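Number of protein chains: 2
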Amino acid sequence: MAKVTLQSIADRVGVSRMTVSNAFSRPDQLSAELREKILAAADELGYVGPDPAARALARGRTGSVGLLINGTLSEAFEDAVSAAFLAAVSDELSARGMALTLLPSSGNRPFVAARDVAVDGVLVYICDPTSADLGWLERRHVPMVVVDHHARDGVAAVNVDDRGGARLAAEHLVDLGHRSVGVVTLETDPEQLNYPARERMLGWHDVLDAAGVEPTVVATPYQPPTAAYDAALSLLDRPDRPTGVVCFSDAFALATIRAAESLGLRVPTDLSVVGFDDSVLAAASRPPLTTIHQDVPAKGIAAVAAIADVMGGGHPEPVVLPTTLVVRESTAPPGDATSR
Amino acid sequence: MAKVTLQSIADRVGVSRMTVSNAFSRPDQLSAELREKILAAADELGYVGPDPAARALARGRTGSVGLLINGTLSEAFEDAVSAAFLAAVSDELSARGMALTLLPSSGNRPFVAARDVAVDGVLVYICDPTSADLGWLERRHVPMVVVDHHARDGVAAVNVDDRGGARLAAEHLVDLGHRSVGVVTLETDPEQLNYPARERMLGWHDVLDAAGVEPTVVATPYQPPTAAYDAALSLLDRPDRPTGVVCFSDAFALATIRAAESLGLRVPTDLSVVGFDDSVLAAASRPPLTTIHQDVPAKGIAAVAAIADVMGGGHPEPVVLPTTLVVRESTAPPGDATSR
DNA sequence: ATTCGCTACTGTACCGGTCAAGAACGATCC
DNA sequence: GGATCGTTCTTGACCGGTACAGTAGCGAAT
């Protein structure tokens, strides 16, 4: 059986191909009864609907938005914060009638998703700003929104007030009386840090520098999960160990707490720990984690709103969502025996 | 500035459009020096590469595989097992040079991703077998692989030995001496159960029926997270409460353990609990969870292999991955005061 | 000298739709 | 009663590529 196209249906019914197209795509352009007849004939021939690829070419849009992430996608799924972001983005896109296409970074494979996959717009999420994939996207002139990235000129951006949040975290410790503070983050070299990590580092320093506190910084990669534990251990297993620690993420904070416990330190009596993100882990952990809250679903929704705007020709203003301090039970004044 | 196409480059260089196409897509079809000249001209004109939408139409493939999930995507991301599956699928696809497009269920919106988005094949994951979206996919004759679904005739399938795993779980309790067993699962009506839930129910019954044990079944929806806790509470807060419980998932098992603790019951001394899936939660929980292990990354890889095979015209045999019992510390003989 | 076989390029016909402008025709208006 | 209008359908061009069957040129084999 030959492939069924608009033309075959048109021939069958005895109308022009365009009329059949309208029957599917613009029902108001023809009489209801003819439309019925056409749909019936289409059904009879086993026609499902206009071919998406052909339609994409003719219309100039595909109905799908890309999401560029570098690093393996599984990291993004396993991290609670980025998974929540993906969830929010995909739900919001689907509410607006669009699908989400994940664009893996190309590495050095010949297939470059950022260049070779048809999408109407792209959200750039966790991504090295110098990556080749990003370069392709820019040359393609695809509508683009960066999320958790430095907002460059002319590129719409959705961010969280990472620096402000980090200030709140540091202030909280300083206000409690901590004068010896550790930092558990991704990298020591500021040049290597991704945008949120850099901003958070700046925020901690804003406050600690002003308070005359010189933090001890340890760095750890995301993977493997034990790396953060080891880094925290190296921070805490020394005579001049800090009384308080600010962390890049809740996951790092939990690793720090575990490291502390393994050294026989009690949290928060002997050590205060502040996380970041207020992920699901934070409230559920024992002790519940003092952390900086960011509204990840709102970030996803804002990102979709921004890309929709850009795709419609708009130039949305940069969005910066607020962060707030959530005090739970992992922080206390230094050496506070009354706590718990 | 007019849009740059193969034709504009061809005119510029003075060759045919086809040769320019070959310069990008089949380098072996022309001399290296001409190719250089063409690429240089393309670069100069700001040409990024063949338009993906046009290429998709002409070649008949898009470079993207769809994943059909019904329910909101955020549920899929928040559940540890499905998130791990998505992660494995996306990584494996990207290794094979394909992108992953998430096809949200259409609800009753006019936009039906399963019908209107161009993909080369589709993985059907968590999905009501009677859903309209699935119907569209079938009529489209898109290459398709079902995962965690009943394998119907002619449709490639990747599954886990859910029934066998459930048998192992029930056997474990029976072998420990339990004669009063509870079940915490998704639904009581077998007709309503999704495939893995039905299979697991069958597996539990296989063993319990043979042992003359009549289980007490309670049902709970996935959402909200407290529902499972409440269901477990209703199971345990009664005079004839079971001494052992098998659960549909690790998440349900953890909820059951929390419910038991809130009633002052000790696990496993007063109550044995068996999970399912061996997700990241299982080993990390306190007490560590006895559970049925399934290899989720392997499932993802097998699913991608199967869809690649089907897309290539093959008819892969159904895959059923094994499940194994992992005994940790949430199970013990009934009323065993020596444990822990 | 003819034939063969390569390599390197070209010509033409699609892929399956949508867009924008136009034509046929009965209804409406003044 | 002719101009205007809206509805309904048609026409032709175009979206930006790829497949496939040539063809020209040229050195090697017969």
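Protein chains in written order, with our numbering: chain A, 107 to 446; chain B, 107 to 446.
Think of the CB as a built atom: it goes at the ideal place given N, C-alpha and C, for glycine as much as any other residue.
All values reported here derive from a predicted model rather than from experimental measurement.
According to DSSP, is serine 445(A) helix, strand or coil?
Reading the first sequence from its first residue, position 339 is the one you call residue 445(A). The predicted position of serine 445(A) is uncertain, since its pLDDT is 42 and thus under 50; a value taken from the coordinates is nonetheless stated next. Correct three-state label for serine 445(A): coil.
Among residues of its own chain, excluding the 5 on either side of leucine 199(A), which ones have a beta-carbon nearer than 8 Å to its beta-carbon?
Residue mapping note: residue 199(A) aligns to position 93 of the first sequence, counting from 1. Closer than 8 Å at the Cβ level, and outside the excluded window around leucine 199(A), lie Val171, Ala205, Leu206, Val410.
Quick one: is alanine 334(B) near chain A, going by C-beta distance under 8 Å?
Locating residue 334(B) in the second sequence gives position 228, counting from the first residue. No, alanine 334(B) lies away from the interface with chain A (no Cβ there is under 8 Å from its Cβ).
When Cβ atoms are compared, which residues of the region 230-249 of chain A fall closer than 9 Å to chain B?
Cβ contacts with chain B: Trp242, Arg245, Arg246, His247.
Just to make sure I have the definition right: I need the residues of chain A whose C-beta is within less than 7 Å of the C-beta of leucine 145(B). Which are they?
Residue 145(B) sits at position 39 when you count from the first residue of the second sequence. Under the 7 Å cutoff, chain A gives no residues; its nearest Cβ is about 14 Å from leucine 145(B).
Please list the partners that serine 436(A) has in chain B, where partner means a Cβ-to-Cβ separation under 7 Å.
Here residue 436(A) is taken as the residue at index 330 of the first sequence, counted from 1. Within chain B, no residue comes near serine 436(A); the closest Cβ sits about 18 Å away, beyond 7 Å.
Determine the extent of the beta strand (DSSP E) in which methionine 307(A) is found, giving its start and end residues.
For the purposes of this step, residue 307(A) is identified with residue 201 of the first sequence, where counting begins at 1. Unbroken run through methionine 307(A) is the alpha helix (DSSP H), 301-316; no beta strand (DSSP E).
Please check if any C-beta of chain A sits within less than 8 Å of the C-beta of aspartate 222(B).
Along the second sequence, read from residue 1 onward, the residue named residue 222(B) stands at position 116. Cβ-Cβ to chain A under 8 Å: yes for aspartate 222(B).
By Cβ distance below 6 Å, which residues in the same chain neighbour serine 127(B) in space, the five residues on each side in sequence not counted?
Working through the second sequence from its first residue, we reach residue 127(B) at position 21. Answer for serine 127(B): Leu112, listed in chain order.
Could you check the C-alpha separation between arginine 446(A) and histidine 399(B) for me, to the nearest Å?
On the first sequence, position 340 is the one that residue 446(A) refers to. On the second sequence, position 293 is the one that residue 399(B) refers to. Reliability of the predicted coordinates at arginine 446(A) is poor, the pLDDT of 41 falling under 50, and the value obtained from them is presented with this limitation in mind. Near 38 Å, if we compare the C-alpha coordinates of histidine 399(B) and arginine 446(A).
Which complete beta strand (DSSP E) runs does the region 183-239 of chain A hold, if anything under 3 residues is left out?
Listed in chain order, the complete beta strand (DSSP E) runs (minimum 3 residues) inside the region 183-239 of chain A are 205-210, 227-230.
Under the rule that 16 or more other beta-carbon atoms within 10 Å means buried, what is lysine 109(B), buried or exposed?
Sequence index remark: in the second sequence, residue 109(B) carries index 3 (1-based). Answer is exposed; the Cβ neighbour count stays below 16.
Taking proline 393(A) and histidine 284(A) to be in contact with their CB atoms under 8 Å, please state how far apart those CB atoms are, rounded to whole angstroms.
Taking the first residue of the first sequence as position 1, residue 393(A) is located at position 287. Taking the first residue of the first sequence as position 1, residue 284(A) is located at position 178. Their Cβ separation, rounded to whole angstroms, is 17 Å, which puts proline 393(A) and histidine 284(A) out of contact at 8 Å.
Quick check on DSSP: helix, strand or coil for aspartate 383(A)?
For the purposes of this step, residue 383(A) is taken as the residue at position 277 of the first sequence. It is a strand residue.
Using the beta-carbon of each residue, which ones in chain A are nearer than 7 Å to valine 433(B)?
Against the second sequence, residue 433(B) aligns to sequence position 327. The premise fails here: valine 433(B) is roughly 23 Å from chain A at the closest Cβ pair, so nothing lies under 7 Å.
Does alanine 262(B) come out as helix, strand or coil in the three-state DSSP assignment?
Position 156 of the second sequence holds residue 262(B). Alanine 262(B) falls in the strand class under three-state DSSP.
Give a yes or no on whether 8 Å exceeds the smallest Cβ distance from threonine 362(B) to chain A.
As a first step, residue 362(B) is located in the second sequence; it is residue number 256 there, counting from the start. For threonine 362(B), the answer is no, since every Cβ of chain A falls outside 8 Å of its Cβ.
Would you kindly work out how many angstroms separate the C-alpha atoms of glycine 169(B) and alanine 162(B), rounded to a whole number?
Indexing the second sequence from 1 puts residue 169(B) at position 63. Indexing the second sequence from 1 puts residue 162(B) at position 56. Roughly 8 Å separates the two Cα atoms.
Hey, would you say isoleucine 407(B) sits closer than 8 Å to proline 249(B), going by beta carbons?
For this step, residue 407(B) is matched to residue 301 along the second sequence. For this step, residue 249(B) is matched to residue 143 along the second sequence. No; because the gap between Cβ atoms is not below 8 Å, this pair is not in contact.
Using 8 Å as the limit for Cβ to Cβ distance, is valine 154(B) near chain A?
Start at 1 with the first residue of the second sequence, and residue 154(B) comes out as number 48. So, interface residue.
Could you check whether threonine 397(A) and glycine 420(A) sit closer than 8 Å to each other, using their CB atoms as the reference points?
Your numbering for residue 420(A) matches position 314 in the first sequence. Your numbering for residue 397(A) matches position 291 in the first sequence. Contact flag unset, no.
Starting from the beta carbon of threonine 111(A), find every residue of chain B whose beta carbon is closer than 8 Å, and list them in chain order.
Here residue 111(A) refers to the residue found at position 5 when the first sequence is read from its first residue. Result: empty, since nearest Cβ-Cβ is about 12 Å, beyond 8 Å.
Could you tell me whether the region 370-377 of chain B touches the region 326-336 of chain B, using the rule of 3 or more Cβ pairs below 8 Å?
Because the criterion of three Cβ pairs below 8 Å is not met, the region 370-377 of chain B and the region 326-336 of chain B do not touch.
To the nearest whole angstrom, what separates the beta carbons of valine 289(A) and threonine 322(A), a pair I think is in contact under 8 Å?
Here residue 289(A) is taken as the residue at index 183 of the first sequence, counted from 1. Here residue 322(A) is taken as the residue at index 216 of the first sequence, counted from 1. With 8 Å as the limit, valine 289(A) and threonine 322(A) qualify as a contact, their Cβ atoms being about 7 Å apart.
Output, in sequence order along the chain, the residues in the region 121-139 of chain A whose CB is closer than 7 Å to any CB in chain B.
Here the close residues number zero.
In whole angstroms, what separates the C-alpha of leucine 299(B) from that of histidine 255(A)?
Here residue 299(B) refers to the residue found at position 193 of the second sequence. Here residue 255(A) refers to the residue found at position 149 of the first sequence. Leucine 299(B) and histidine 255(A): Cα-Cα distance of roughly 43 Å.
Note down the Cα distance separating leucine 229(B) from leucine 292(A), rounded to an integer number of angstroms.
Here the question's residue 229(B) lines up with position 123 in the second sequence. Here the question's residue 292(A) lines up with position 186 in the first sequence. Going from the Cα of leucine 229(B) to the Cα of leucine 292(A) covers about 36 Å.
Please list, in chain order, all residues of the same chain as alanine 262(B) whose beta carbon is under 6 Å from its beta carbon, the five residues on each side excluded.
The residue given as residue 262(B) occupies position 156 in the second sequence. Around alanine 262(B): Val251, Ala412, Val416, Pro422.
Measuring CB to CB, does glycine 350(A) end up less than 8 Å from valine 287(A)?
As a position in the first sequence, residue 350(A) is number 244, starting the count at 1. As a position in the first sequence, residue 287(A) is number 181, starting the count at 1. Closer than 8 Å, so yes.
Would aspartate 356(B) count as contacting chain A if we go by Cβ distances under 8 Å?
The sequence position of residue 356(B) within the second sequence is 250, counting from 1. Closer than 8 Å: no.
What number of angstroms, rounded off, separates the C-alpha of proline 124(A) from the C-alpha of glycine 227(B)?
Numbered from its first residue, the first sequence carries residue 124(A) at position 18. Numbered from its first residue, the second sequence carries residue 227(B) at position 121. A quick correction: the sequence has methionine, not proline, at residue 124(A). Straight-line Cα distance between these residues: approximately 29 Å.
If contact means a Cβ-Cβ distance below 7 Å, which residues of the region 154-175 of chain B contact chain A?
Taking 7 Å as the Cβ-Cβ cut-off against chain A, the residues of the region 154-175 of chain B that qualify are Val154, Gly155, Pro158, Ala159, Ala160, Ala162, Leu163, Thr168, Gly169, Ser170.
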